[in-house]
Each structure stands twice: as C-alpha cells, then as structure tokens.
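Take a look at the structure below.
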DNA sequence: TTGTAAGCGTTATCAT
DNA sequence: ATGATAACGCTTACAA
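Protein chains in written order, with the UniProt record's numbering: chain A, 1 to 358; chain B, 1 to 358.
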C-alpha cells in the first residue's frame with residue numbers, strides 16, 4: 001500500500017494540513033518544517049493521490065482534448081503542440097478520439113468528460129447548436145480549433161486568405177481554366193472551412209473575370225483516393241482545367257497520382273496546388289499553402305492556461321497566417337493546352353520542355 | 001452545482017447505496033427501484049463524480065499510454081488502435097507524450113501517472129533496468145510494444161523475419177551489393193529493434209555467400225533527411241550498392257529523394273525497399289515490409305483488458321506477422337551497374353530500359 | 001432487497 | 001505558523 005498523507009504527517013511530526021501546505025509550496029510554513037516534511041515524503045516515496053486531491057479541491061489537473069482522428073497527420077501534429085505546453089505546466093491530457101460517427105454521437109449524449117477535466121480543447125469539429133450547448137454545460141473553459149463557437153476561445157487560420165492566395169497564384173501563372181478539388185461540399189454537419197475556401201475560389205475567379213463553371217468543382221473528401229478520383233473526373237471534362245487547387249495536400253497527392261498514372265506530369269500538363277504543407281508535400285515537390293500546425297496546438301493550450309489562471313478574462317480569438325510555398329507542381333500555363341483526354345498525346349513541342357513521361 | 005448521489009437518493013426515496021447499485025447495474029436491486037433511481041438520475045441529469053468513485057473504489061477507469069512521439073505516423077496509428085478498443089470498453093485514455101529527452105527523464109523520475117491509471121501501455125521505448133523497475137513500481141498491469149520487458153504483456157512484430165525477407169527479396173532479384181540504411185546503431189539507450197534488423201541483414205548476406213562490408217551500413221536515424229544523406233553517402237562509395245534496404249519507410253523516402261535529385265531512378269539505377277508500409281509508401285510506389293500498425297495497438301489494449309478483468313493471468317506475448325509488399329522501387333539487378341558517382345552518366349544502353357531522368 | 005455507516009486521501013476553513 | 005476537522009462524493013462491508 002502506498003504511503004498516505006497521514007504517514008508523512010506522522011513521520012514529520014506535524015498535521016496533515018501542514019504536510020499539504022508544505023508539499024504544495026504554500027506560504028505560512030516555516031523553512032524548518034517544510035524541510036522535515038519534504039524529507040519524510042521523500043523517505044516514504046510519497047505521492048499525492050490525484051483523485052483525493054481533485055475531490056477535495058475541485059480541480060482535476062487535467063485537460064480533455066477532443067480529436068476527430070488522432071491518426072491523421074494534421075491532428076497528430078496539433079496534438080503534439082497541445083501536449084508540449086500542457087506538459088510544461090503539469091497538466092494531464094485526457095484524449096478523446098471521435099473517429100467514427102457512433103463514438104461522436106456517444107460523446108455528445110453522454111459527455112464522458114464531464115467532471116473529469118478542468119478545461120476542454122476541441123479540434124476542428126462541426127458543432128451543431130445542441131452539441132455546443134452540451135459542451136457549454138460542462139462549465140469549463142473551452143478552446144476550439146477552426147470552428148467558431150460563442151463563448152469559446154478560438155484559434156484558426158484565415159481560410160479565405162489562404163484559398164485566395166492559392167487561386168491567385170494559379171491565375172498569376174496565366175491559368176484561366178482552374179479546377180478545385182473540394183473537401184465535403186454537402187456535409188450535413190456543416191464544416192465551415194470548405195465553404196469558406198470554396199467561396200474564396202469563386203470570388204477570386206470572378207475578380208479575374210473568369211466565368212464560373214460548376215463542373216470544375218469536384219469533391220475529394222479529404223482523402224488520397226478520393227482526390228485521385230476527383231482529378232480523374234476533372235481530366236475527363238470536355239475542356240479540362242490547366243490548373244487545380246486541392247484544398248488539402250492529401251487530395252493533391254491523389255491528384256498527382258492520377259496524373260502520373262495517366263502519363264501526365266505537373267506542372268507540364270496540369271499545375272497542382274495543395275493546402276496544409278503536409279510533411280510529404282516537400283517530398284512530392286508539391287506547391288501548397290502552409291499553415292503552422294503544431295503552433296496552433298500550442299496556442300490553444302496557451303488559451304486554456306490563460307482561462308484557467310486568469311480569473312474570468314474574455315475568451316480571445318487568434319488567427320494565424322498562412323503562407324504560399326512554391327515548389328515544383330505549379331508552373332506557367334501553356335499557350336495551347338493539349339487535349340490529352342481524348343486523343344493520343346502529341347510529341348513534345350519544340351519550344352517546350354519535354355513532357356515525356358517514363 | 002451538479003447533482004450528487006444524495007440528491008438522486010432523496011428524489012428516488014432510497015439510500016445512496018441503492019442508487020450506487022442501481023446505476024452500476026449490480027444485482028440485488030428490484031426492477032421497480034432501479035427504474036425509480038434511473039428516472040431520478042435522468043431528471044437531475046446526474047453523472048457520477050469519477051474522482052469520488054475512484055477514491056472509494058480504488059479503480060480509475062483510465063489507462064495511461066506512453067508514446068515517444070504522437071506526431072509520427074506510426075505512433076499515431078497505434079494510438080488510434082488502442083483508443084478504439086479502450087473506448088469500446090469505456091476506459092479513458094491518458095496520453096503521455098515523451099517527445100524530447102527532458103520530458104522522458106522527468107517521466108521516469110516523477111512517475112506522474114502513479115495512482116492515476118489502472119494500467120499502462122508503453123510504445124516502443126528502450127527501457128533501462130531502472131526505468132522498467134520504476135514502471136513496475138506502479139503496480140499496475142503494463143503492456144509494451146516492441147521492447148520485451150519481464151512481467152509485462154507484450155506485442156511486437158518479428159523483426160528478424162521482416163528484415164530477412166527484405167534482404168532476401170533483393171538477393172532474389174540478383175543483387176549482390178546491398179546497402180542498409182539503419183536506424184540508430186549506437187543509441188546509448190539501446191533500442192533492440194535496429195540491432196535485430198541489422199543482424200538479420202548481415203546473416204542473410206552471409207548465407208548468400210556475400211562478403212560483409214561495413215561501408216554499406218549507414219545510419220539514417222529514422223528521418224527523411226537523414227535517410228537522404230545516408231543514400232548520398234552510399235552512392236559516393238567507390239563501389240556503390242545496386243540495392244538498398246532502409247529499415248523505415250521514412251528513410252526510404254529520403255533515399256528516393258536523393259536518387260531523384262541525382263537524376264537517378266529506382267529501380268533502374270538502384271533498388272530500394274523500406275519497412276512499415278507507411279501511408280505514403282503506396283504513393284511513392286515503394287516496395288516495403290508491411291506491418292499491421294493499428295492492429296498492434298488493438299492487441300495491446302486487449303491485453304490490458306484481459307489483465308484488468310481476468311484476475312491474475314500470466315502476461316502473454318503476441319508476435320504479429322509482417323508481409324512483403326512488392327511495388328515499383330525494386331527490380332532485377334543490371335548486369336553492368338553504371339558508375340554514376342564519378343563519371344557523367346552514359347546514355348541508355350540499347351538492351352535496357354531507358355533510364356533517362358527528366 | 002435495502003439501509004447504515006465507515007472509509008477513500010486530500011483540501012480548506014477555522015481556531016489557536 | 002500550525003492543528004483540528006469538516007467537507008468532497010462515492011463504494012462497500014455489514015446489518016437489517
């Protein structure tokens with residue numbers, strides 16, 4: 001049986017109250033007493049019972065982190081960022097991975113983190129009003145990534161800006177026929193991010209005087225495979241795009257795969273730009289919009305720290321900048337785009353780079 | 001203030017003991033009473049205080065998971081596997097990400113999970129004897145991935161088998177000069193995995209009658225960049241390898257990058273095989289040794305479940321199989337390997353595929 | 001089947 | 001500066 005505060009108190013010949021004070025570094029303990037208590041605790045290799053402590057104090061020393069998918073690159077990076085600052089402040093991290101729809105639902109009906117955590121960090125979830133009310137009912141500070149929820153602390157990137165930059169980059173390269181591989185246009189739960197990015201795409205095109213063509217918007221559901229299908233669909237249009245903006249790097253990877261399998265290359269045949277700056281983007285030489293991922297996690301954790309210490313400050317909102325990273329998959333538009341989908345590829349034109357695929 | 005068990009007891013007109021029994025589905029509660037209690041709890045939207053419950057019962061309902069790096073693909077996959085089965089059994093997951101050396105040390109000196117968890121899952125850590133004793137002192141069941149620790153439950157792959165298969169694959173393709181990009185040969189903390197794989201590499205070569213050449217073993221420290229450097233080093237040998245076994249896909253990715261930057265391709269110039277079947281491996285068409293990643297996490301969690309429920313069974317050890325996945329980066333050895341490191345590349349030989357890089 | 005009451009190991013409020 | 005002691009909210013013998 002592990003030593004309790006009573007054992008320490010006896011050994012140091014003081015009361016349990018004094019032990020508690022001494023161990024937590026509270027004032028009103030003489031140096032000599034504190035010394036004795038510390039030694040006694042050391043000798044008994046005593047450690048406080050977190051549960052007893054929580055029960056008595058009402059604080060848990062734990063922050064809940066709700067993640068849609070721990071095993072996706074983006075979330076695992078954010079999680080690492082959160083962890084690093086929580087850890088530095090001796091707060092425990094209770095992970096709740098939503099994964100599939102069943103677990104998601106269960107989470108919001110049963111609120112299993114209720115009374116277990118001092119605060120909550122929620123990553124990128126589309127929250128129905130009912131759900132955000134359920135969260136609010138936990139009566140702890142909440143920091144949210146991406147989605148904006150009333151009463152919650154908030155970190156996000158400027159999605160409109162990032163998407164606009166991506167599309168402008170393509171336009172500046174001379175492209176006029178620009179496709180977009182979107183995330184989840186009709187998601188019933190209502191992620192706002194895809195909507196904002198899509199709107200930016202349309203707006204920038206309009207500003208450039210390019211007519212809107214719904215055929216150029218194809219859903220890719222954030223996965224490599226769906227991104228690949230989306231690209232295939234774009235390439236089979238009567239008039240395929242010469243450049244494509246995929247709103248996640250994963251989907252862009254899929255798009256590149258499709259190009260490769262069709263014997264085409266970026267940017268010679270089609271320019272491709274992604275979003276995120278996934279670790280693999282550099283490897284594939286993908287032009288993309290970078291966002292500081294782990295950093296956003298750190299910011300969320302810092303907000304929680306503020307909320308926990310700083311009395312009742314107002315929740316803040318932080319918007320972190322994105323950055324265009326130009327790599328090898330975007331390039332100037334060709335004057336006469338080949339119609340590669342219907343007729344056999346022509347040989348390389350004399351005034352162009354060779355586009356022969358191996 | 002949230003409702004307590006007393007409030008429910010009063011409302012249902014029973015004692016707190018009965019409420020406790022009814023809510024936990026224990027026997028010896030009449031159907032009518034249980035019904036009343038459930039309704040009362042519902043009406044007060046009561047939920048038990050996990051801390052009070054833990055304090056009284058001695059169980060925490062929480063499993064600690066110690067991870068070297070949450071943000072690496074492999075660990076995040078394993079974590080997802082663990083989470084899914086823990087979640088299904090209503091156990092909470094307390095995440096402890098070690099990350100850098102400071103946190104690692106702090107973890108083992110302070111044992112912050114002591115008294116906080118019913119069991120522990122430790123991923124792929126090299127444990128000194130002092131450290132594994134520290135873990136054992138927590139007196140909870142422990143399941144370990146990779147490393148084998150006395151008294152602990154254990155899941156791993158057959159590293160010798162996997163590495164042997166990789167090297168044999170290359171030998172079967174006719175390669176005789178085979179390099180290996182290793183993980184961390186001189187790691188003071190003593191990961192066993194790299195040692196086992198390296199040993200397998202040497203053994204298989206010896207069995208094939210190929211002389212051992214220390215220059216062909218180059219460390220890559222599990223990262224893309226270091227893997228890239230390692231490949232560069234191999235290619236600058238007086239007599240470079242015609243095939244390379246990288247003991248992680250990440251390092252293989254780096255190796256491929258180096259090839260690409262030098263205007264070489266796999267498998268025409270050098271065959272490359274990795275290990276893991278990282279999600280990006282398919283994208284890069286990398287031949288590799290696949291291991292079931294999330295599945296290992298599930299197995300670990302299952303072992304914990306067994307340990308928690310099944311009295312004092314003996315800890316089991318599970319070895320899961322690996323699988324050779326042949327993709328496009330390995331191919332038959334050329335009869336006259338070009339000496340691409342010193343002289344300018346010759347044009348394609350008439351009886352070979354074109355190896356012209358674009 | 002149900003109730004009583006003694007813990008569980010702290011923290012926090014008052015005294016002293 | 002230190003000590004008693006009442007919470008904190010539940011579980012679990014033991015009694016009825």
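Beta carbons are placed, not taken as given, at the ideal position from N, Cα and C, and that holds for glycine.
All figures in this text were calculated on a predicted structure; none of them were measured in a lab.
In the displayed model, residue 124 of chain A falls within coil according to three-state DSSP, outside both helix and strand. Taking all protein chains in view, the Cβ of residue 112 of chain A is crowded by 16 or more other Cβ atoms within 10 Å, so the residue is classified as buried.
In the DSSP assignment, residue 111 of chain A falls outside any beta strand (DSSP E), carrying neither H nor E. Residue 297 of chain B and residue 77 of chain B have their C-alpha atoms roughly 8 Å apart. With a contact defined as Cβ atoms closer than 8 Å, residue 273 of chain A and residue 206 of chain A miss out at about 19 Å.
Listed as beta-bridge partners of residue 96 of chain B by DSSP are B:66. Residues 3, 8 of the same chain have their beta carbon placed closer than 6 Å to that of residue 46 of chain A, with the five preceding and five following residues left out of the count. A:253 is the residue among A:253, A:208, A:99 whose C-alpha sits nearest the C-alpha of residue 230 of chain A. Taking all protein chains shown into account, residue 267 of chain B has 16 or more neighbouring C-beta atoms within 10 Å of its C-beta and is therefore buried. With contacts defined as CB atoms closer than 9 Å, residue 92 of chain A and residue 257 of chain B fail to qualify as a contacting pair. If you keep only unbroken alpha helix (DSSP H) runs of at least 4 residues inside the region 234 to 318 of chain B, you get 249 to 261, 279 to 283, 293 to 309.
Residue 249 of chain A has its alpha-carbon roughly 29 Å from the corresponding atom of residue 322 of chain B. Taking a C-beta cut-off of 7 Å against chain B, the contacting residues of the region 84 to 100 of chain A are 84, 87, 92, 93, 94, 95, 97, 99, listed in chain order. Closest in alpha carbon position to residue 74 of chain B, among B:292, B:299, B:328, is B:292. Not one beta carbon of chain B lies nearer than 9 Å to the beta carbon of residue 124 of chain A. Closest in alpha carbon position to residue 300 of chain A, among A:142, A:175, A:178, is A:142. Cβ atoms of residue 277 of chain B and residue 294 of chain B stay farther apart than 8 Å, at about 12 Å.
Counting C-beta pairs closer than 8 Å gives three or more between the region 123 to 134 of chain B and the region 145 to 152 of chain B, which meets the contact rule. Listed along chain B is no residue with a C-beta nearer than 8 Å to that of residue 327 of chain A; the closest approach is about 13 Å. Residue pairing by DSSP places residue 219 of chain A opposite A:182 in a beta bridge. Neighbourhood of residue 109 of chain B in chain A, by CB distance below 9 Å: empty, with the nearest CB roughly 12 Å away. Residue 73 of chain B belongs to the set of residues whose beta carbon lies under 9 Å from a beta carbon in chain A. A buried status is given to residue 71 of chain A, since no fewer than 16 other beta-carbon atoms sit within 10 Å of its beta-carbon. Residue pairing of residue 323 of chain A in beta bridges, as defined by DSSP: A:290.
In this structure residue 222 of chain B does not touch residue 180 of chain B by the C-beta definition: roughly 14 Å separates them, more than the 8 Å allowed. Using a Cβ-Cβ cut-off of 7 Å, residue 141 of chain A is close to nothing in chain B; its nearest Cβ partner there is about 17 Å away.
Note on residue 159 of chain A: 16 or more other CB atoms within 10 angstroms of its CB, so buried under the neighbour-count rule. Sequence-distant Cβ neighbours of residue 194 of chain B in its own chain, meaning closer than 7 Å and more than five residues away, are 182, 183, 184, 185, 247.
In chain order, 178, 243, 245, 271, 273, 330 place their CB closer than 8 Å to the CB of residue 170 of chain B, counting only its own chain and leaving out the 5 sequence neighbours on each side.
Identification of residues in the region 267 to 283 of chain B having a C-beta nearer than 7 Å to some C-beta of chain A yields 280, 283, given in sequence order. Non-local beta-carbon contacts of residue 220 of chain B in its own chain, meaning distances under 6 Å to residues more than five positions away in sequence, involve 181, 226, 227, 230, 251 in chain order. The CB of residue 77 of chain A comes closer than 7 Å to the CB of 71 in chain B, given here in chain order.
For residue 44 of chain B, there is no enclosing beta strand (DSSP E), as DSSP marks it with neither H nor E. By the neighbour-count definition (other C-beta atoms within 10 Å, threshold 16), residue 129 of chain B is an exposed residue. Taking all protein chains in view, the Cβ of residue 119 of chain A is crowded by 16 or more other Cβ atoms within 10 Å, so the residue is classified as buried. Scanning chain B for C-beta atoms nearer than 9 Å to the C-beta of residue 223 of chain A yields nothing, as the closest lies near 10 Å away.
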